[in-house]
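K.L.:
Going down the list, the protein sequences come from chains L and H.
Just so you know, the numbering used here puts 17 at position 17 of the first sequence, and the rest follows in order with no gaps.
Add 1000 to a position in the second sequence, counting from 1, and you land on the number used in the numbering used here.
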Amino acid sequence: MADVETRLVGCFQSVFPQLSEADIRIASQEKIEQWDSVAAITLVNVIEEEFNTQIDYDRLPELDTFGKVLEYLTVDRGID
Amino acid sequence: MRSTPRCLRIAPQQADGSRRKPTNITEALSILRSRNAGREPFNIVLACGFTPLHLKTLVQAYLQRALPDRDVELNTGLFGSLAETIADAALQRPHAVLVAFEWADLDPRLGYREAQAWGHKVSTSVVDVCREGLDRLVRSLEAVPATTKVAISTPTLSLPPVFNVPGWSSGVHELALEELVAAFAVRVSRMTNCAVVNQRWLAQHSPQTARHDAEADLRFGFPYSVSHASALADGLSRLAAPRAAKKGLITDLDDTLWHGLVGETGPEGISWDLASNQQLHGLYQSLLQALADAGVLLAIASKNDREVVDQALQRSDLRVAPTAIFPLEVHWQPKSASVARILDLWNISADAVVFVDDSPLELAEVSAAHPGIECIQFPQRDNTAGVKLLSYLRDLFARGEVSYEDSIRLDSIRSAAALRDDRAEGADQESLLAGLEATVEIDFRAGSSDRRAFELVNKTNQFNLNGRRFQEADWAATLGQAGAWLAVVSYKDKFGALGKIAVMQGRALQSGLYIDTWVMSCRAFSRRIEYAVLAELFRRYAPSEVVLDVAVTAKNGPLRTFVKSLTGTEPQGTCVTARERFDAACPTLYHRVILTGEAQDG
Chain L
1 MADVETRLVG CFQSVFPQLS EADIRIASQE KIEQWDSVAA ITLVNVIEEE
51 FNTQIDYDRL PELDTFGKVL EYLTVDRGID
Chain H
1001 MRSTPRCLRI APQQADGSRR KPTNITEALS ILRSRNAGRE PFNIVLACGF
1051 TPLHLKTLVQ AYLQRALPDR DVELNTGLFG SLAETIADAA LQRPHAVLVA
1101 FEWADLDPRL GYREAQAWGH KVSTSVVDVC REGLDRLVRS LEAVPATTKV
1151 AISTPTLSLP PVFNVPGWSS GVHELALEEL VAAFAVRVSR MTNCAVVNQR
1201 WLAQHSPQTA RHDAEADLRF GFPYSVSHAS ALADGLSRLA APRAAKKGLI
1251 TDLDDTLWHG LVGETGPEGI SWDLASNQQL HGLYQSLLQA LADAGVLLAI
1301 ASKNDREVVD QALQRSDLRV APTAIFPLEV HWQPKSASVA RILDLWNISA
1351 DAVVFVDDSP LELAEVSAAH PGIECIQFPQ RDNTAGVKLL SYLRDLFARG
1401 EVSYEDSIRL DSIRSAAALR DDRAEGADQE SLLAGLEATV EIDFRAGSSD
1451 RRAFELVNKT NQFNLNGRRF QEADWAATLG QAGAWLAVVS YKDKFGALGK
1501 IAVMQGRALQ SGLYIDTWVM SCRAFSRRIE YAVLAELFRR YAPSEVVLDV
1551 AVTAKNGPLR TFVKSLTGTE PQGTCVTARE RFDAACPTLY HRVILTGEAQ
1601 DG
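What follows is the structure, encoded as structure tokens:
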């Protein structure tokens, strides 16, 4: 879980390099101006590349915080 | 069972990680994140009819990788309006415009995002609409300034099932569309600033079946898989920022230029033809001749007896003319020493040269002694690897056009060698120069469209005022400055013509005469041409002093030695040379100087 979280922070840092690690862990689409629709798709691709998985695009609208993305990966996708 | 095609390549080491290939989004973002801000911008416009999404990131990353000294800035137009984006780009005058369009950008019926009629009732109209769309594209491309490079990708995706023919049949309408696109590609390729991505090259790097991402297309309007977007970005960026072509090839003989050991079998025992099943060597010879015809320098480094090699090179069925090869280093000394002498004679750096040999040991020995050189093993009994090698070599040396200077390069090196031999034999320097019958022609009419001048400015290292390189748009802007002038220098003497060998660019202002760019080909060294040109500038503009914008680079020692001869001090930064100082330092000049453009410029 800790490893998944660290790797996910790396994914967010790739797409939002201006955010600190602490900011990333509490990041949400509502608070981060740069987290627009294009950034969301880019983020999904980076996560897919990092974890070698496919994210269900239908779930995209609800994956709007770092915590929810982490939960999706660990619980729904079973990545540990 | 045949062996896996392989070909040992010892490529020059990259000092940093900037050359890694951004094959996915993570790598592309990493490249963009690690770029150094504050460098000179390289502005590109990406024009495409669909949402640019990952293509934008990947194109920017590939170009950033190709141009580590620039800050690549990318703008996209309003997608859905391709011709308008290109027209808008023409007004912005970027360094490059990259155009990627798909069938749906010509006619929405050829995409999946708009539910419209398909089938035989619309087939003819689809072709007509595409024809009009391509004509509009040509017109918008014609408006792009000639100094802006344009890289174009024609449709890469399969057509949706719009026509009533089975997928395994081309069908007349699909063929008509392909014919239209091919005609479009021919038209735009004839524009001096446009180049089109080769669809067969793209197919090697991106299989047709893995190109379309239906999910991304229908959800986000981005039709490409990441792998296809990466391959396309690679192709477009190669066209927008071409890498420097290699200049010289040094080849081994036995089991490389020909099959067999000439010292063992004699000249008649070696082979390179189909009948002896050694056609690969013959094809290699044909490629070398084609490269020589395009101005690439060829030399031989072989461990053999010279006499038997000379006999072999006289065989009439050889497909590369022995006269196209100079020099021949044929003896039993280490090949690294042969390569060193060849590089010295050619006067080019190792990183502009490729060494081909069948022996891994020889390749390793040369590579260790000359780390910049690209060493390639000639494959043995492996036609698949051999054919790949031929294409690879063509790509390393390919250049868009063959100039007059390319065609005379070998002759000028031979004449430089002859001059050097005369010097080595102790001939008096002044008598030698006085007897050269040298003519220096200075053309003040040349402009930014002079390809040779632009090429010289961007590839010359040793006699280079400051190492500054230009993109075409930058070069045109520089020559458009207030008081700007350009001098392109050609040279010939009794040994032959060297063609255009020097370029000087500067500004004539109230405050003085400024020289901002000055390069001279190393082939023209030791003839006092630099003094003759500077003397002419003093005569033409009559300044009391000339201001040289010198910058120290790793390779411009010869330029600094010259400037030091004028100023008496090691040049660093701006150097000023007064008229009196130049007159005192200038040696006797024997050239006949011809001026072009004198009358026009008064």
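No residue lacks a Cβ here, since even glycine has one placed at the ideal position from N, Cα and C.
Of all the CB atoms in chain L, is at least one closer than 9 Å to the CB of A1216/H?
P.N.:
Yes, its Cβ sits closer than 9 Å to a Cβ of chain L.
K.L.:
How would you label V1172/H, buried or exposed, when you count the other beta carbons within 10 angstroms and need 16 or more for buried?
P.N.:
Looking at its Cβ environment, which holds fewer than 16 other Cβ atoms inside 10 Å, V1172/H is exposed.
K.L.:
DSSP three-state call for Q1311/H: helix, strand or coil?
P.N.:
It is helical.
K.L.:
Roughly how many angstroms lie between the CA atoms of D1317/H and A1453/H, to the nearest whole one?
P.N.:
One C-alpha to the other measures close to 39 Å.
K.L.:
Once the 5 residues before and after Q1285/H are set aside, which same chain residues still bring their CB inside 7 Å of it?
P.N.:
L1257, W1272, L1318, R1319, V1320.
K.L.:
State the DSSP-derived secondary structure class of G1017/H, mapped to helix, strand or coil.
P.N.:
Confidence in G1017/H is poor, its pLDDT being 38 and thus under 50, which makes the residue's placement too unreliable to answer from.
K.L.:
Name the residues in the stretch 56–68 of chain L whose C-beta lies less than 9 Å from a C-beta of chain H; which are they?
P.N.:
The stretch 56–68 of chain L vs chain H, Cβ under 9 Å: Y57, L60.
K.L.:
Kindly list, in the order they appear in chain L, the residues whose Cβ is closer than 8 Å to that of T1057/H.
P.N.:
Per Cβ cutoff of 8 Å: T42.
K.L.:
Given 8 Å as the limit, is there contact between the stretch 1131–1145 of chain H and the stretch 1081–1093 of chain H, that is, 3 or more CB pairs closer than that?
P.N.:
Cβ pair count under 8 Å is three or more, so yes.
K.L.:
For a contact meaning CB atoms closer than 7 Å, what does E49/L contact in chain H?
P.N.:
Those within 7 Å of E49/L in chain H are N1024, I1025, T1026.
K.L.:
Using CA atoms only, rank isn't needed, just tell me which of K1056/H, L1288/H, L1032/H, A1089/H is closest to R1065/H.
P.N.:
Out of K1056/H, L1288/H, L1032/H, A1089/H, L1032/H has the C-alpha closest to the C-alpha of R1065/H.
K.L.:
With a threshold of 16 other CB atoms inside 10 Å of the CB of L1202/H, please say whether the residue is buried or exposed.
P.N.:
Buried: at least 16 other Cβ atoms inside 10 Å.
K.L.:
Quick check on V9/L - is its C-beta less than 9 Å from some C-beta in chain H?
P.N.:
No - not a single Cβ of chain H is within 9 Å of the one on V9/L.
K.L.:
On the three-state DSSP scale, how would you describe R1592/H?
P.N.:
R1592/H: strand per DSSP, three-state reduction.
K.L.:
So for I1515/H, helix, strand or coil by DSSP?
P.N.:
Looking at I1515/H - three-state DSSP - the assignment turns out to be strand.
K.L.:
Would you say S1030/H reaches chain L, if we count a Cβ-Cβ gap shorter than 9 Å as a contact?
P.N.:
Chain L, which has a Cβ nearer than 9 Å to the Cβ of S1030/H, makes this yes.
K.L.:
Could you give the distance in angstroms between the alpha-carbon of D1252/H and the alpha-carbon of M1520/H?
P.N.:
The alpha-carbon atoms of D1252/H and M1520/H are separated by roughly 32 Å.
K.L.:
Looking at the C-beta of S14/L, does it have a partner C-beta in chain H at a distance below 9 Å?
P.N.:
At least one chain H Cβ lies under 9 Å of S14/L.
K.L.:
Within 10 angstroms of its Cβ, does T1051/H collect 16 or more other Cβ (buried), or is it exposed?
P.N.:
Flag for T1051/H reads buried.
K.L.:
Which whole-angstrom value is the C-beta distance of P1587/H and R1528/H, which I expect to be below 8 Å?
P.N.:
Rounded, the Cβ-Cβ distance is 6 Å, consistent with contact.
K.L.:
Using beta carbons (cut-off 9 Å, strictly below), is H1054/H in contact with chain L?
P.N.:
Yes - at least one Cβ of chain L is within 9 Å of the one on H1054/H.
K.L.:
Please work out which residues of its chain come closer than 7 Å, Cβ to Cβ, to V1311/H, disregarding the five sequence neighbours upstream and downstream, and give them in chain order.
P.N.:
As written in the sequence, residue 1311/H is Gln, which differs from the Val given in the question. Correct list, in chain order: P1267.
K.L.:
Quick one: give me the first and last residue of the beta strand (DSSP E) that D80/L is part of.
P.N.:
Counting along the chain, D80/L falls outside any beta strand (DSSP E), and DSSP gives it neither H nor E.
K.L.:
Between which two residues does the beta strand (DSSP E) holding C1130/H run?
P.N.:
First-last for C1130/H: 1123–1142, but that is the alpha helix (DSSP H), not the beta strand (DSSP E).
K.L.:
Does any C-beta atom of chain H lie closer than 9 Å to the C-beta of N45/L?
P.N.:
It does; some Cβ of chain H falls within 9 Å.
K.L.:
For G1167/H, does the count of other Cβ atoms within 10 angstroms reach 16, so buried, or fall short, so exposed?
P.N.:
Looking at its Cβ environment, which holds fewer than 16 other Cβ atoms inside 10 Å, G1167/H is exposed.
K.L.:
Alpha carbon to alpha carbon, how far is A1028/H from C11/L? Give it in angstroms, no decimals.
P.N.:
Whole-angstrom Cα-Cα distance: 13 Å.
K.L.:
How is the beta strand (DSSP E) around I1376/H delimited, first residue to last?
P.N.:
Unbroken beta strand (DSSP E) run through I1376/H: 1374–1377.
K.L.:
Return yes when the Cβ of A27/L is within less than 9 Å of the Cβ of E51/L, no when it is not.
P.N.:
It is worth fixing the name first, because residue 51/L is Phe in this sequence and not Glu. No.
K.L.:
Residues of chain L with CB closer than 8 Å to the CB of R1033/H, please, in chain order.
P.N.:
Under the 8 Å cutoff, chain L gives S14, P17.
K.L.:
Between S1123/H and the rest of its own chain, which residues show a CB-CB distance below 8 Å, the 5 nearest in sequence each way excluded?
P.N.:
Closer than 8 Å at Cβ, skipping near neighbours: V1162, F1163, N1164, H1173.
K.L.:
Going by DSSP in three states, A1182/H sits in which element: helix, strand or coil?
P.N.:
Helix at A1182/H.
K.L.:
Within 10 angstroms of its Cβ, does T1613/H collect 16 or more other Cβ (buried), or is it exposed?
P.N.:
Residue 1613/H is absent from the model: chain H starts at 1001 and stops at 1602.
K.L.:
Let me know if S1206/H comes out buried or exposed under the rule of 16 or more other beta-carbons within 10 Å of its beta-carbon.
P.N.:
By the neighbour-count rule (16 or more Cβ atoms within 10 Å), S1206/H is buried.
K.L.:
What does the alpha-carbon distance come out to for the pair S1018/H and L1058/H?
P.N.:
At S1018/H the pLDDT is 40, less than 50, meaning the model places this residue with poor confidence; the figure from the coordinates comes in the next sentence. The alpha-carbon atoms of S1018/H and L1058/H are separated by roughly 14 Å.
K.L.:
Please go through the same chain and pick out, in chain order, the residues whose beta-carbon is closer than 8 Å to the beta-carbon of L1218/H, but skip the five residues on each side of it.
P.N.:
Hits under 8 Å: Y1112, R1113.
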